[in-house]
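Chemist: One structure is given below, represented as structure tokens, and several questions about it will come after.
In the numbering used here, the protein residues as written are 17 to 199.
Listed below in structure tokens is the structure:
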């Protein structure tokens with residue numbers, strides 16, 4: 017994504033609906049959902065970590081900010097977000113999308129020393145379209161580049177996301193890079 021966005025793009029996002037973070041999402045049949053310590057965790061054999069979605073409430077949107085990048089979305093995702101924001105698809109595209117080759121990405125805005133998704137609320141430190149965020153965001157942290165990596169190779173991910181946990185540790189404790197490297 018380029019820095020063609022402006023802070024004014026993020027101002028009038030529309031009504032943001034409440035969302036129950038505690039409900040598990042359907043990540044497909046390869047994922048196992050289990051109730052433990054009144055938190056839902058998501059795990060799969062292809063990844064060396066578990067994810068606790070309820071941690072998103074407390075995180076401050078760290079996965080929404082950082083280096084410049086692309087947040088690709090499909091036409092159906094764009095239509096759903098446009099509807100959620102009470103915008104026509106054309107108005108949504110003009111205001112929030114940038115064309116990258118044959119695909120479309122959400123624009124970004126300057127944030128601190130880097131960039132943020134245009135829908136990152138800088139005051140609440142959360143996603144303004146959380147219930148309808150793009151599939152790329154829904155799938156985080158279960159991205160292909162994380163598949164098959166060992167715990168000791170995921171220090172950056174553990175530092176970024178409070179919901180990522182080492183299944184070898186207690187479900188109640190968050191893992192840090194030092195603990196991960198020692199296992």
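Every residue, glycine too, gets a C-beta built ideally from N, C-alpha and C. None of these values were measured; they are calculated from a predicted model.
#1: Return helix, strand or coil for residue 108, following the three-state DSSP convention.
#2: So what does DSSP say about residue 89, is it helix, strand or coil?
#3: Hey, out of 176, 107 and 123, whose CA is closest to residue 114's CA?
#4: Is the region 122-142 touching the region 75-84, taking contact as three or more C-beta pairs under 8 Å?
#5: Taking its Cβ as the centre, do 16 or more other Cβ atoms sit within 10 Å of residue 166, making it buried, or is it exposed?
#6: Pairing CB atoms from the region 138-146 with CB atoms from the region 57-69, are three or more of them under 8 Å?
#7: Anyone know if the C-beta pair for residue 89 and residue 150 falls short of 9 Å?
Modeler: Quick look at the numbers:
#1: Numbered from its first residue, the chain shown carries residue 108 at position 92. Here residue 108 sits in helix by DSSP.
#2: Stepping through the chain shown from its first residue, residue 89 is reached at position 73. Assigned with DSSP and collapsed to three states, residue 89 falls in strand.
#3: Numbered from 1 along the chain shown, position 98 holds the residue referred to as residue 114. Of 176, 107 and 123, the residue nearest in Cα terms is 123.
#4: Yes, the region 122-142 touches the region 75-84.
#5: For the purposes of this step, residue 166 is identified with residue 150 of the chain shown, where counting begins at 1. The residue is exposed, with fewer than 16 neighbouring Cβ atoms inside 10 Å.
#6: Touching, no.
#7: As a first step, residue 89 must be located in the chain shown, where it is residue number 73. As a first step, residue 150 must be located in the chain shown, where it is residue number 134. When the beta-carbon positions are compared, residue 89 and residue 150 come within less than 9 Å of each other.
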